[in-house]
Amino acid sequence: MSEKVFPKDFMWGAATASYQIEGSPLVDGAGSSIWHRFSHTPGNTYNGDTGDVADDHYNKYKEDIALMKELGLKAYRFSISWPRIFPYGKGKINEKGVDFYNRLVDELLKANITPFVTLYHWDLPAALQDLGGWTNRDIAYWYTDYADYMFQRFGDRVKNWITLNEPWVMAFVGHFMGEHAPGMKDLYASFSAVHNQLRAHSKTVKAFREENIKEGKIGITLSNTSHDPAADSQEDIDAARLAHEWSNYPLFLNPIYKGDYPKGIKEHASEFLPHNYENDLEEIKEKIDFVGINYYSGDLVKADTKSFLGGKNVERGLPKTEMGWEIYPEGFYKILKGVQEEYNPKEVYVTENGAAFDDKVVNQEVHDEKRIEYLKQHLEQALKAIQNGVTLKGYFAWSLLDNFEWAWGYSKRFGIVYVDYKTQKRIIKDSGKWYSQVIKNNSFEF
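Quick note on full-length UniProt numbering: the sequence shown kicks off at 1 and runs consecutively.
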């Protein structure tokens with residue numbers, strides 16, 4: 001039994017994001033975000049879905065925290081909506097927005113749940129997008145001012161901070177593929193967004209150190225897909241390596257830890273990097289306290305000269321989730337082990353891991369065996385990573401609640417708690433009950 005037990009102080013949690021669960025995006029003086037605009041533009045989201053109501057967490061946060069307590073969560077990762085605090089992104093402060101997060105944090109602490117705050121989970125103030133958003137170098141200052149203000153307002157109670165959530169997705173799905181806000185298809189803008197997110201991140205880490213928050217820790221959360229070569233050929237191996245450097249942790253951690261972009265990026269994508277980017281590298285190399293790893297899936301990469309960076313995905317017949325993502329738990333171990341070997345972070349947290357399945361309510365219950373199986377397989381790999389030297393300190397299931405799944409609207413359910421969007425009723429799924437036992441036993445075998 002003992003070899004299946006996680007370390008004594010392991011931080012078990014669940015994660016959400018502001019625009020995906022809160023609803024009421026413009027209430028109480030809040031400003032519009034790029035996701036408000038994007039989802040309200042016809043043709044951008046499944047069914048024209050928007051985050052106007054979502055899970056109504058803005059009004060139901062107490063009920064949701066009671067659910068977290070019932071599940072036994074030790075920690076809760078949520079994000080702050082920048083335009084709730086600064087309706088125009090800078091300048092005027094909206095106290096009612098601050099009040100909401102004050103109440104949320106206090107309620108969590110009352111329930112003995114540790115808050116992990118993500119400062120930016122994609123809902124950029126629309127007013128800043130009008131000034132160029134993440135492609136404007138000044139955003140590094142706008143963002144740091146906002147973040148620093150949050151440290152001042154919540155730092156007495158919030159000790160764990162994440163600067164950015166999945167900056168790769170923001171940069172490339174938002175500025176190159178055009179499937180997320182702000183809906184652009186411009187590779188130069190994408191790399192500019194990468195670079196300015198890194199600048200914003202490091203300036204914020206510096207500001208955080210100056211605030212001197214007692215026991216405070218700050219890190220960044222990065223998206224990852226395990227890329228394996230389709231064949232043993234050098235071409236496929238190179239293509240998979242390049243896909244890894246581009247779409248996984250190296251794109252951001254290499255500048256943060258080593259002061260430069262990965263070798264493959266400089267060789268194959270240098271024309272897209274901002275002019276004189278080298279001048280910022282010294283500043284970007286700022287020590288962080290932990291790395292947040294998000295992991296859902298893997299793929300096979302085959303060399304393909306027509307694709308960006310020379311690789312395309314090919315099928316390998318693994319089972320898939322409702323998102324069409326293959327279930328590949330072994331890839332989770334590769335990512336965790338890889339980040340430790342390549343950058344040796346002080347601490348690692350899994351800040352998201354989970355799956356969407358076609359959940360049905362039967363007699364007020366949701367029997368989501370596939371999700372339990374998915375979570376169990378991934379927790380096995382997480383434990384293996386710990387046993388093999390990865391400094392993994394916590395795990396956050398994605399997600400606490402079914403929610404607005406970005407461009408997919410409400411058609412994909414990731415929650416361990418089911419939400420009936422018509423009535424806003426919450427039902428703890430079997431996976432939630434199972435996860436509750438995992439937390440209680442500090443083990444997936446009980």
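Cβ coordinates follow ideal geometry from the N, Cα and C atoms, glycine included.
The shortest CA-to-CA distance from TRP122 to any of HIS180, TYR421, LEU108 is the one to HIS180.
In this structure, the alpha-carbon of GLN437 lies about 27 Å from that of PHE404.
In the DSSP assignment, ASN294 falls within the beta strand (DSSP E) that extends over 290-303.
Straight through space, the alpha carbons of ASP289 and GLU347 are spaced by roughly 7 Å.
In the DSSP annotation of this structure, the continuous segment of the alpha helix (DSSP H) that includes PRO250 starts and ends at 250-253.
Contact annotation: ALA17 and SER81 have beta-carbon atoms that are not nearer than 7 Å. Take LYS429, set aside five residues on each side of it, and the residues of its chain with a beta-carbon closer than 6 Å to its own are VAL366, ASP368, ILE416, TYR418, in chain order. The beta-carbon distance between SER399 and PHE414, rounded to whole angstroms, is 5 Å. This is short enough to meet the 8 Å contact definition. In this structure, DSSP gives TRP246 a helical state, which the three-state scheme calls helix. In the DSSP annotation of this structure, the continuous segment of the beta strand (DSSP E) that includes MET11 starts and ends at 11-15. Ranking TYR101, LYS266, THR144, LEU128 by CA distance to the CA of TYR61 puts TYR101 first.
Ranked by how close their Cα comes to the Cα of PRO83, the residues THR41, THR135, LEU71, MET150 have MET150 in first place. Under the DSSP assignment, ARG77 falls in the beta strand (DSSP E) whose first and last residues are 75-79. Within its own chain, the residues whose Cβ lies closer than 8 Å to the Cβ of ILE93, once the five positions on either side in sequence are excluded, are ILE85, PHE86, TYR149, listed in chain order. In this structure the segment 349-356 touches the segment 389-397; the number of beta carbon pairs closer than 8 Å is three or more. For LEU26, the secondary structure class from DSSP, reduced to helix, strand or coil, is coil. It is roughly 5 Å from the alpha-carbon of ALA303 to the alpha-carbon of ALA239. Under the three-pair Cβ rule at 8 Å, the segment 373-387 does not count as touching the segment 18-37. Non-local beta-carbon contacts of LYS337 in its own chain, meaning distances under 7 Å to residues more than five positions away in sequence, involve ALA385, ASN388, VAL390 in chain order. With 16 or more other Cβ atoms inside 10 Å of its own Cβ, GLN381 counts as buried. With respect to the C-alpha of HIS36, the residue from VAL301, PRO182, LYS258 having the closest C-alpha is PRO182. ASN313 is bridged by DSSP to VAL301. Comparing alpha carbon positions, the residue from LEU300, THR204, LYS360 closest to GLU286 is THR204. C-alpha of VAL173 to C-alpha of ASP186: approximately 10 Å in a straight line.
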